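Residues 1 to 242 in the UniProt record's numbering are what the sequence shown lists, from first letter to last. This report concerns only the one structure given below.
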Amino acid sequence: MPFQTAPPLSHAGGRATNQDCAGWREADGATCWVLADGLGGHASGEVASEAAVEGALTAFENRPGTDAETVQRCINRAQSVVRTLQEGSPSLDSMRTTLVVAVARGQQVRWGHVGDSRLYHFREGRIAGRTTDHSVPQALVEAGEIGPADVRGHPDRNRLLQAVGGNSAPRATIAEASGVQSGDALLLCSDGFWELVEEEEMEADLAAASSPEAWLSAMEARLTARADGRHDNYSALATWAT
1 MPFQTAPPLS HAGGRATNQD CAGWREADGA TCWVLADGLG GHASGEVASE AAVEGALTAF
61 ENRPGTDAET VQRCINRAQS VVRTLQEGSP SLDSMRTTLV VAVARGQQVR WGHVGDSRLY
121 HFREGRIAGR TTDHSVPQAL VEAGEIGPAD VRGHPDRNRL LQAVGGNSAP RATIAEASGV
181 QSGDALLLCS DGFWELVEEE EMEADLAAAS SPEAWLSAME ARLTARADGR HDNYSALATW
241 AT
């Protein structure tokens, strides 16, 4: 099944540096989408995110596939590339990044993530699934201490439990969509995006959009209207199964 993908959306927002990175590639009839968000509290987050995206896409190009091993291989390569850069330059030692990877061929789509950059899967205009953040607020949700709606704006929302670039390999979560259908959509986005665009708005803009580009544009308009002058970098990748 072919996918129609919009050019990646990535903006510095109200920050001096954009530490997000996103990209996608096709190989051997399969497609890979990758998005990363360098951690703002760590030096050289933009180096980490770019290295992670390029590493994951290169791993996919070398051995295209849609199984869980392919997704894990992409994440492992991202970790390896970032660690190699750290070992070559002490000034990069503290850099970290989130990562979300999706691969597809035909009716099969699988994804994996590390951190709080998200993937949303839409079917018939509604969210059919999404990643679960590796973050302190999400852990509080799972413990029943706060509700899901409280994650946005939580004071500990930037405290992550998993990231690419640490001394030990990150524990990615891998999942898949069941039998992709024409009209299904995927949205990969950083926290600077999903914190300012709520899920109901994603669905409403998807229903009104004529293309993935138009969908991203409508959501970005909501984001910029809502953001204050110091808001985070934001990035998103949108693709539709046609």
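Where is the CB? At the ideal position from N, CA and C, for every residue including glycine. Quick caveat: nothing in here was measured; it's all calculated off a predicted structure.
Checklist line | Cβ neighbour criterion (16 or more within 10 Å) applied to SER10 | finding: Here residue 10 corresponds to residue number 10 of the sequence shown, with the count starting at 1. Buried.
Notebook entry, point to check: Considering only the beta carbon of each residue, do ASP20 and GLY38 sit closer than 9 Å?
Noted result: Locating residue 20 in the sequence shown gives position 20, where the first residue counts as 1. Locating residue 38 in the sequence shown gives position 38, where the first residue counts as 1. Contact flag set, yes.
Notebook entry, point to check: By the 10 Å Cβ neighbour count, where 16 or more other Cβ atoms means buried, how is ASP191 classified, buried or exposed?
Noted result: Locating residue 191 in the sequence shown gives position 191, counting from the first residue. Its Cβ being crowded by 16 or more others within 10 Å, ASP191 is buried.
Notebook entry, point to check: Along the chain, where does the alpha helix (DSSP H) that runs through GLN19 open and close?
Noted result: To locate residue 19, count along the sequence shown from 1; it is residue 19. No alpha helix (DSSP H) holds GLN19; DSSP gives it neither H nor E.
Item checked: Beta-carbon proximity list for TRP240, same chain, < 6 Å, skipping 5 on both sides -> Here the question's residue 240 lines up with position 240 in the sequence shown. Taken in chain order, the residues that qualify are GLN4, ALA185, PRO212.
Next item on the list: Compute the Euclidean distance between the alpha carbons of GLY147 and LEU188, then round it to the nearest angstrom.
Entry: Sequence index remark: in the sequence shown, residue 147 carries index 147 (1-based). Sequence index remark: in the sequence shown, residue 188 carries index 188 (1-based). Linking GLY147 to LEU188 through their CA atoms gives a straight-line distance of about 23 Å.
Notebook entry, point to check: For the segment 119–137 against the segment 49–61, are there 3 or more C-beta pairs whose distance is under 8 Å?
Noted result: Below 8 Å, too few C-beta pairs join the segment 119–137 and the segment 49–61 to call them touching: fewer than three.
Checklist line | Burial state of GLU50, where buried means 16 or more other Cβ atoms lie within 10 Å | finding: Taking the sequence shown and counting its residues from 1, one reaches residue 50 at position 50. So GLU50 ends up on the buried side.
Next item on the list: Check ALA169 in the structure and name its three-state DSSP category.
Entry: If you number the sequence shown from 1, residue 169 lands on position 169. ALA169: coil per DSSP, three-state reduction.
Margin query: Helix, strand or coil, according to DSSP, for LEU196 in the structure here?
Written below: On the sequence shown, residue 196 is found 196 positions in, with the first residue counted as 1. Per DSSP, reduced to three states, the secondary structure at LEU196 is coil, with no helix or strand assignment.
Check: Which one of VAL101, ASP116, ASN76, THR84 has the shortest CA to CA distance from SER94?
Finding: Sequence index remark: in the sequence shown, residue 94 carries index 94 (1-based). For the residues VAL101, ASP116, ASN76, THR84, the minimum Cα distance to SER94 belongs to THR84.
Margin query: If we require 3 or more residues per run, which beta strand (DSSP E) segments fall completely within the segment 9–93?
Written below: Listed in chain order, they are 9–11, 20–27, 30–37.
Item checked: Assigned exposure category for ASN18 - 16 Cβ within 10 Å defines buried -> For this step, residue 18 is matched to residue 18 along the sequence shown. The Cβ neighbour count for ASN18, taken over all protein chains shown within 10 Å, is at least 16; the residue is labelled buried.
Item checked: Proximity winner among GLU46, CYS32, ALA78, SER80, relative to PRO64 (alpha-carbon distances) -> Walking along the sequence shown from the start, residue 64 turns up at place 64. Per the Cα distances, CYS32.
Next item on the list: Check ARG159 in the structure and name its three-state DSSP category.
Entry: Indexing the sequence shown from 1 puts residue 159 at position 159. The three-state reading of DSSP puts ARG159 in coil, since its state is none of H, G, I, E or B.
Notebook entry, point to check: Are the beta-carbon atoms belonging to GLY14 and ALA227 less than 9 Å from one another?
Noted result: Taking the first residue of the sequence shown as position 1, residue 14 is located at position 14. Taking the first residue of the sequence shown as position 1, residue 227 is located at position 227. In this structure, GLY14 places its C-beta atom within 9 Å of the C-beta atom of ALA227.
Checklist line | 7 Å CB neighbourhood of ASP116 in its chain, flanking five on each side removed | finding: Taking the first residue of the sequence shown as position 1, residue 116 is located at position 116. Listed in chain order, the non-local C-beta contacts of ASP116 below 7 Å within the same chain comprise THR98, ASP133, HIS134, SER135, LEU160, ASP191, local neighbours out to five positions each way being set aside.
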